[in-house]
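Participant: In short: position in the sequence shown from 1, add 1170, done, that's the working numbering.
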Amino acid sequence: MAVNNTEKVIKANHDFLGPLFYRFLFKLYLSQTIYDSRDTVLLFLARGGTRIRAFYERFLAANELESPMPYSDFYISRMAVIKASMSSNYDAVYQDFLNEYFCFSLGKAVSTFLGQKAHDTWVNMPGAVDPHGPLCQDSLNYLIWADTEAADYIRQIVRVQNKLYMEYLQKTIGAKERIVVVDTGWSGSILNYMQGIDDKHDYTAQYFGRYSYGRGELPWFNKVIGVEVEAQAFTRKNPVTSLFLNRHLIEGLCEIRWPSVTGYQRMEDGSVSPIEGFAPEECISPLPDEAQARGVMQYISEAKDGIDIQKIHESGETAARQLCGRLMYPGKSDLTIFSGETRSADFGKNLDVPVFLAPIRNIFNLKRKVKNIADSLWPVGQMTLEFPIIHRVIQFAYHRQGARLLALYRRFCSDTE
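1. Using the three-state DSSP reduction, which class does residue 1238 fall into: helix, strand or coil?
2. For the region 1542 to 1572, list the beta strand (DSSP E) runs that are entirely contained and at least 3 residues long, ordered along the chain.
3. Can you give me the Cβ contacts of residue 1184 inside the same chain, cut-off strictly under 6 Å, excluding the 5 residues immediately before and after it?
4. Which one of 1411, 1457, 1553 and 1187 has the shortest CA to CA distance from residue 1427?
5. Do you know how far the Cα of residue 1191 is from the Cα of residue 1223?
6. Would you say the region 1192 to 1205 touches the region 1227 to 1236, given that touching needs at least three Cβ pairs under 8 Å?
7. With distances taken Cα to Cα, identify the nearest neighbour of residue 1421 among 1525, 1260, 1482 and 1493.
8. Excluding sequence positions up to five away, which residues of its chain have a Cβ less than 6 Å from the Cβ of residue 1587?
9. Around the C-beta of residue 1437, are 16 or more other C-beta atoms found within 10 angstroms, so that it is buried, or is it exposed?
10. How many angstroms separate the CA atom of residue 1371 from the CA atom of residue 1377?
11. For residue 1408, which of helix, strand or coil comes out of DSSP?
12. Would DSSP call residue 1452 helix, strand or coil?
13. Pull up the CB-CB distance for residue 1256 and residue 1314, whole angstroms please, since I reckon it's below 8 Å.
14. So what does DSSP say about residue 1587, is it helix, strand or coil?
15. Can you look up residue 1402 in the DSSP assignment and give me helix, strand or coil?
16. In the structure shown, what three-state DSSP assignment does residue 1375 receive?
17. By Cβ distance, which residues of its chain are closer than 7 Å to residue 1220, with the 5 residues on each side in sequence left out?
18. Can residue 1394 and residue 1380 be called in contact, C-beta distance under 8 Å?
19. Beta carbon of residue 1250, beta carbon of residue 1292: below 8 Å?
20. Say whether the region 1489 to 1503 touches the region 1554 to 1573, bearing in mind that this needs 3 or more beta-carbon pairs closer than 8 Å, one atom from each stretch.
21. Could you give the DSSP three-state label for residue 1501: helix, strand or coil?
22. In this structure, does DSSP put residue 1430 in helix, strand or coil?
23. Which same chain residues, not among the five before or five after residue 1171, have their C-beta less than 7 Å away from its C-beta?
24. In or out: residue 1312 buried (at least 16 other Cβ within 10 Å) or exposed?
25. Compute the beta-carbon to beta-carbon distance between residue 1375 and residue 1351, rounded to the nearest angstrom, for a pair I have assumed lies under 8 Å.
26. Counting along the chain, where does the alpha helix (DSSP H) carrying residue 1211 start and finish?
27. Can you check whether the CB of residue 1433 is closer than 8 Å to the CB of residue 1326?
28. Restricting to Cα atoms, I'd like to know which of 1531, 1226, 1540 and 1548 is closest to residue 1523.
29. Compare the Cα-Cα distances from residue 1262 to each of 1301, 1362, 1316 and 1472 and report the closest residue.
30. Cα-Cα, which of 1506, 1383 and 1562 is closest to residue 1181?
31. Cα separation between residue 1386 and residue 1406?
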């Protein structure tokens, strides 16, 4: 009987990613034994971390274990924590704000970041900046820190967000002094924001992976652990680093079907919740059509290696080697197995980003083909679409001279403009 496509995706992710997640969960479990559970709490960060929490609970149940440390979901996003930091840790976050809203007008940035209602109130207040003007450091400084009624209004919004965030955090962690956050990865900037806004607690991050996108060691990396993989770049000698070639695979597999947190609100009972609310448990466990996550969950449920450290390591290494070949030289079927259709944007942007771009059919339009590869969320996979017959030759060259090819591409673009 023929195997349908969904079953192929489930099996491939079971075989190649299941052992890696299982090894990650085992190491996550072991790492907690070094902490004092009386003063430490584990926070699984929404959205990706909440899916990891579901995997973790299945790992515990499959092996009849209890968590060495108390844990909880914590609803947060870079947008939410930057919003809460604007009033108390501005210098540490404003540049990332500007980067996220690059090319936005000031008014569009305000409506996206704070909401249309806040924008409409602000723009009609005395001292409001021209909403059609460009967003830059000077205009952002004036927006928040000017001695005007409009700036007072903006400051009040971000101060309230700071208060709600801190209250929600305190309610979640109780009297704990040490906080270990768990998420998918990669650079750990959100940990830097969390520590910056809250200097009363000690923070550490245990991510599935740590990767700086080629920027070298980041200042907060001494607090971030890539439990399953951490490295500066992909190297064939370390097969698990092939995940850096398609890092959205891990993020997409763990991204639950629930909106990203944009901020916090006071509920009628006096409690604090994310504006979008808390995701129901049925969204946190893999849904029927989430074949990649179902494959991983299925492997975890089987627990065939138990808690045998040698078997877990060997299974992970075997899977990493096999996955490495598939991610380095993906065929057409691998594009479906190891990617999703889109990744959702954050920071309030109402858009989904496609993993692949529509391939350029004109075989002689090399400039547009190479641009598609550079712009794709999985460049090596895009090569398969752009060059279906000779993609492995292109991929071979890319893996050996990727930096040089990128430099040649940039020169080619500048010479033809």
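Note that CB positions come from ideal geometry on N, CA and C, so glycine has one too.
As the structure is a prediction and not an experimental result, all values here were calculated from the model.
Facilitator: The structure says:
1. The count along the sequence shown starts at 1 and reaches residue 1238 at position 68. The answer is coil: DSSP assigns residue 1238 none of H, G, I, E or B.
2. none
3. Against the sequence shown, residue 1184 aligns to sequence position 14. Here the set comprises 1465, 1468 and 1469.
4. As a working note, residue 1427 is residue 257 in the sequence shown. The shortest C-alpha separation from residue 1427 is found at 1457.
5. Residue 1223 sits at position 53 when you count from the first residue of the sequence shown. Residue 1191 sits at position 21 when you count from the first residue of the sequence shown. Cα to Cα, residue 1223 sits roughly 12 Å from residue 1191.
6. yes
7. On the sequence shown, position 251 is the one that residue 1421 refers to. Ranking 1525, 1260, 1482 and 1493 by Cα distance to residue 1421 puts 1525 first.
8. Here residue 1587 is taken as the residue at index 417 of the sequence shown, counted from 1. At residue 1587, the pLDDT of 45 sits below 50, so the modelled position is not reliable and the matter cannot be decided from this model.
9. Within the sequence shown, the letter at position 267 stands for residue 1437. Classification for residue 1437: exposed.
10. The residue given as residue 1371 occupies position 201 in the sequence shown. The residue given as residue 1377 occupies position 207 in the sequence shown. Each residue's alpha carbon lies about 19 Å from the other.
11. To locate residue 1408, count along the sequence shown from 1; it is residue 238. Three-state DSSP puts residue 1408 in a strand.
12. Residue mapping note: residue 1452 aligns to position 282 of the sequence shown, counting from 1. Here residue 1452 sits in helix by DSSP.
13. To locate residue 1256, count along the sequence shown from 1; it is residue 86. To locate residue 1314, count along the sequence shown from 1; it is residue 144. Indeed they touch by this definition, with Cβ atoms about 7 Å apart.
14. Position 417 of the sequence shown, counting from 1, holds the residue named residue 1587. Because residue 1587 sits at a pLDDT of 45, beneath the cut-off of 50, its placement in the model cannot be relied upon, and the point is left open.
15. Locating residue 1402 in the sequence shown gives position 232, where the first residue counts as 1. Residue state, collapsed to three classes: coil.
16. Against the sequence shown, residue 1375 aligns to sequence position 205. Of the three classes helix, strand and coil, the one that applies to residue 1375 here is strand, per DSSP.
17. Here residue 1220 corresponds to residue number 50 of the sequence shown, with the count starting at 1. Answer for residue 1220: 1214, 1243, 1426, 1449 and 1454, listed in chain order.
18. On the sequence shown, residue 1394 is found 224 positions in, with the first residue counted as 1. On the sequence shown, residue 1380 is found 210 positions in, with the first residue counted as 1. Yes.
19. Position 80 of the sequence shown, counted from the start, is the residue given in the question as residue 1250. Position 122 of the sequence shown, counted from the start, is the residue given in the question as residue 1292. Contact flag unset, no.
20. yes
21. The residue given as residue 1501 occupies position 331 in the sequence shown. Coil at residue 1501, not helix or strand.
22. Taking the sequence shown and counting its residues from 1, the one referred to as residue 1430 is at position 260. It is coil, neither helix nor strand.
23. Looking up residue 1171 in the sequence shown gives position 1. Because the pLDDT of residue 1171 is 31, which lies under 50, any placement of that residue in the model is unreliable, and the number read from its coordinates should be weighed accordingly. Within the same chain, residue 1171 has no close Cβ partners at all.
24. Residue mapping note: residue 1312 aligns to position 142 of the sequence shown, counting from 1. Residue 1312 is buried by the Cβ-count criterion.
25. Taking the sequence shown and counting its residues from 1, one reaches residue 1375 at position 205. Taking the sequence shown and counting its residues from 1, one reaches residue 1351 at position 181. 5 Å between Cβ atoms; contact.
26. If you number the sequence shown from 1, residue 1211 lands on position 41. Premise fails: residue 1211 lies in the beta strand (DSSP E), 1210 to 1216, not in any alpha helix (DSSP H).
27. Position 156 of the sequence shown holds residue 1326. Position 263 of the sequence shown holds residue 1433. The answer is no: Cβ separation not under 8 Å.
28. For the purposes of this step, residue 1523 is taken as the residue at position 353 of the sequence shown. Considering only alpha carbons, the answer is 1548.
29. To locate residue 1262, count along the sequence shown from 1; it is residue 92. It is 1362 whose Cα lies nearest to the Cα of residue 1262.
30. Within the sequence shown, residue 1181 is the residue found at index 11, counting from 1. Nearest of 1506, 1383 and 1562 to residue 1181, Cα basis: 1506.
31. The residue labelled residue 1386 in the question sits at position 216 within the sequence shown. The residue labelled residue 1406 in the question sits at position 236 within the sequence shown. Between residue 1386 and residue 1406, the C-alpha separation is close to 19 Å.
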